[in-house]
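> Chains as they are written, first to last, in our numbering: chain Y, 45 to 367; chain E, 45 to 367.
First, the structure itself, so that you have it in front of you.
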């Protein structure tokens, strides 16, 4: 049997868990439970290495607790870069650990540059590493986020590297932050710029469709209104959406359900701090306010989020039969 | 006497060398002279660490040779990220070494994200590092490049971090790559998108003007035509331009001179591979085809580039008197 492609593996993961959620591992040191910080302090002192180690132990427990519930994790690169070489090591160790637990991994780095340099970024994140002699094949994330502002010169080199290494992308098409209107809604011919980017992306995507009707070239779509999400879903039928903005950032389950197609596929809903720091929440019930059991609070938050998403999909007649 | 601000220090460096050139340290392993690769192989084997070490030794010789000629270097982050934690260490060591030699340093990472995450990127590259207890103040570059596609939510957190730490930015406004037309020239109201970005940037910049009439908030302007560069110079009088595209990418000295203001300031012209790999060039004269003397070939290339720029500035009556 042929090995499944990167997007088909993601969809299989989603089906196996009946769960279209990607949890963002975006740890910040000030919110890591005290006992993990104490242990790291003891071992490495109050150094960058110590802080990075505390982040890794936090990630490790979350992966162990959540991998049976969710199909994928997303790592926000900024949180790791902050600790220099120590942070990058923790990023790499987290990717490897998640993959050992069967999770699909999204490297959320929003990289962008042109030509040769874009290719080097692509090699860094989803490709092979040129050594003095030959090249090394290291564990890398399955998907990378990129920023398309510089045009196809900044997209094609990443797509090429995906083709070579069976990897995927999520390209920023539309974001839901307040200032996203500032430049994304400029007019490109007769349409808003983000529609133009969507059309350009569908063109690339439609040449790479896998067994489940989607390609490895996805989009970040944090649509600000249902109507917008609906339009984008229609403009990019072969493109999987990575959807930020759920929960903490204000989008409801009903709103994000617009990003799924009629069969209940095509969207992976992200929640980061709302899940990983659930133990801080006053709503999470007495038994989960214990920082030592932070991962259980996160599992509870995932289950609640899944329930609300599945309810919304069901209400909109989009719940996949097999879930 | 008050310590000069980051932009005034850059301008002082430019004046001291009478040279508006920033050399891009964008090393790629396949083009590093063989003797450096052999030494790194011997010491670290054919590993990521070995490749990264060869890049560092290449950078080290270039900095030692060029620091008396040029005011600044720019490091293309992709080239370092490629080697994971080893590459990041080499990035940090190169920044520190360049600063010890009095050079201003630009971290060319084109980072972008919103809100909290943008702030973490800013801390990573130009700010302080939060530890388990308190924060660490590490040597970082003076300037960072960022991508503005996500709007002010993706710009303000970087500007705030600059204000706190006396650092600066170069924000992508206009690039000269073939596909730059694709999205940058969408219409924003009655003007092209890149004009809108320029106006928004001048607003931020004009509130931060230093002693030399420029602010710490600069722009990447790889204008595709003289007319465009001229317009952008007028739209952003307080903004220093980082100008890519010279030499290898096709822009002549006459063309880039449009990016300078009437006093001969306001632009820092970048050349990367044309300088650092000058030793490969068949035009560089017999004595410089020796890979062991690669840094001398680079110095010669810098001097030639400087001569052609100064000639073009002089021709356009823009040569600063004191140079």
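Glycine included, each C-beta is placed from N, C-alpha and C at the ideal position.
Let me check one thing: in DSSP terms, what residues is residue 264(Y) bridge-paired to?
Note: residue 264(Y) sits in a beta bridge opposite 216(Y), 286(Y).
> Relative to the C-alpha of residue 367(Y), which residue among 47(Y), 63(Y), 155(Y) is closest?
Ranking the options by Cα distance to residue 367(Y), first place goes to 63(Y).
> Quick check on residue 182(Y): buried or exposed, where buried means 16 or more other Cβ atoms within 10 Å of its Cβ?
Counting Cβ neighbours within 10 Å, residue 182(Y) comes out exposed, since fewer than 16 surround it.
> Please list, in chain order, all residues of the same chain as residue 66(E) whose beta carbon is under 6 Å from its beta carbon, the five residues on each side excluded.
Answer for residue 66(E): 116, 118, 312, 314, listed in chain order.
> Counting only the same chain and skipping the five closest in sequence on each side, list residues whose C-beta sits under 7 Å from that of residue 52(E).
Counting only Cβ-Cβ distances below 7 Å, and skipping sequence neighbours, we find 254, 255, 256.
> Quick check on residue 363(Y): does DSSP put it in helix, strand or coil?
In the structure shown, residue 363(Y) sits in coil (DSSP, three-state: anything other than H, G, I, E or B).
> Kindly list, in the order they appear in chain E, the residues whose Cβ is closer than 9 Å to that of residue 216(Y).
The contacting residues are 156, 193, 194.
> Distance check for residue 234(E) and residue 276(Y), CA to CA, integer angstroms please.
One C-alpha to the other measures close to 26 Å.
> Is the shortest distance between the beta-carbon of residue 362(Y) and the beta-carbons of chain E less than 8 Å?
So no, residue 362(Y) is outside the interface.
> What is the DSSP secondary structure of residue 258(E), reduced to helix, strand or coil?
Coil.
> Put residue 181(Y) into one of helix, strand or coil per three-state DSSP.
Correct three-state label for residue 181(Y): coil.
> What in chain E is Cβ-close to residue 281(Y), meaning under 9 Å?
What residue 281(Y) touches in chain E: nothing, since even the nearest Cβ is about 22 Å away.
> State buried or exposed for residue 197(Y), treating a residue as buried only when at least 16 other CB atoms are found within 10 Å of its CB.
Residue 197(Y) is buried by the Cβ-count criterion.
> Would you mind giving the Cβ-Cβ distance between residue 268(E) and residue 220(E), rounded to the nearest angstrom? I have them listed as a contact below 8 Å.
Residue 268(E) to residue 220(E), Cβ: 5 Å. Contact.
> In whole angstroms, give me the CA-to-CA distance for residue 171(E) and residue 187(E).
The alpha-carbon atoms of residue 171(E) and residue 187(E) are separated by roughly 11 Å.
> Whole angstroms is fine: what's the gap from residue 68(E)'s alpha carbon to residue 296(Y)'s?
Looking at the two C-alpha atoms, the distance is approximately 46 Å.
> Does the count of Cβ pairs from the segment 155-163 of chain Y and the segment 123-131 of chain Y closer than 8 Å reach three?
Flag = no, the segment 155-163 of chain Y and the segment 123-131 of chain Y do not touch.
> Check residue 331(E) in the structure and name its three-state DSSP category.
Summary for residue 331(E): the model assigns pLDDT 49, below 50, so the residue's position carries little reliability, and this model does not support an answer.
> What in chain Y is Cβ-close to residue 90(E), meaning under 7 Å?
Under the 7 Å cutoff, chain Y gives 175, 176, 177.
> Does DSSP put residue 155(Y) in a helix, a strand or coil?
Correct three-state label for residue 155(Y): strand.
> Do residue 316(Y) and residue 356(Y) have their C-beta atoms within less than 8 Å of each other?
For residue 316(Y) and residue 356(Y), no; Cβs fall outside 8 Å.
> Does DSSP classify residue 118(E) as helix, strand or coil?
It is a strand residue.
> Please check the pair residue 216(Y) and residue 264(Y), which I expect to be a contact at CB under 8 Å, by giving their CB distance rounded to whole angstroms.
About 5 Å separates the two Cβ atoms, so the contact holds.
> Distance cutoff 8 Å, beta carbons only. Does residue 331(E) sit that close to anything in chain Y?
With a pLDDT of only 49 at residue 331(E), under 50, the local geometry of the prediction cannot be trusted, and the value read off the model is given with reservation. By this cut-off, residue 331(E) is not an interface position.
> Give me, in chain order, the residues of the same chain whose beta-carbon lies closer than 7 Å to that of residue 79(E); leave out the 5 immediate sequence neighbours on both sides.
So the list reads 335, 336, once near-sequence residues are dropped.
> How would you write the range of the alpha helix (DSSP H) that residue 131(E) sits in, first residue to last?
Per DSSP, residue 131(E) belongs to the alpha helix (DSSP H) from 128-144.
> Assign residue 145(E) to one of two classes, buried (16 or more other C-beta atoms within 10 Å of its C-beta) or exposed (fewer than that).
Label assigned to residue 145(E): exposed.
> Should residue 309(Y) be flagged as near chain E, meaning a C-beta pair shorter than 8 Å?
False, the Cβ-Cβ gap to chain E never drops below 8 Å.
> Which residue comes first and which comes last in the alpha helix (DSSP H) that contains residue 307(Y)?
From DSSP, residue 307(Y) is part of no alpha helix (DSSP H); its letter is neither H nor E.
> Could you spell out the range, first to last residue, of the beta strand (DSSP E) harbouring residue 188(Y)?
187-190 is the span of the beta strand (DSSP E), which, as asked, contains residue 188(Y).
> Please report how far the alpha carbon of residue 165(Y) lies from the alpha carbon of residue 70(Y), in whole angstroms.
The straight-line gap from Cα to Cα measures roughly 21 Å.
> Could you compute how far the alpha carbon of residue 148(Y) sits from the alpha carbon of residue 54(E)?
Each residue's Cα considered, the two are about 45 Å apart.
> Are residue 132(E) and residue 76(Y) closer than 8 Å when you measure CB to CB?
No, the pair does not count as a contact, with Cβ atoms beyond the cut-off.
> Whose CA, out of 289(Y), 358(Y), 120(Y), 101(Y), lies closest to the CA of residue 305(Y)?
Out of 289(Y), 358(Y), 120(Y), 101(Y), 358(Y) has the C-alpha closest to the C-alpha of residue 305(Y).
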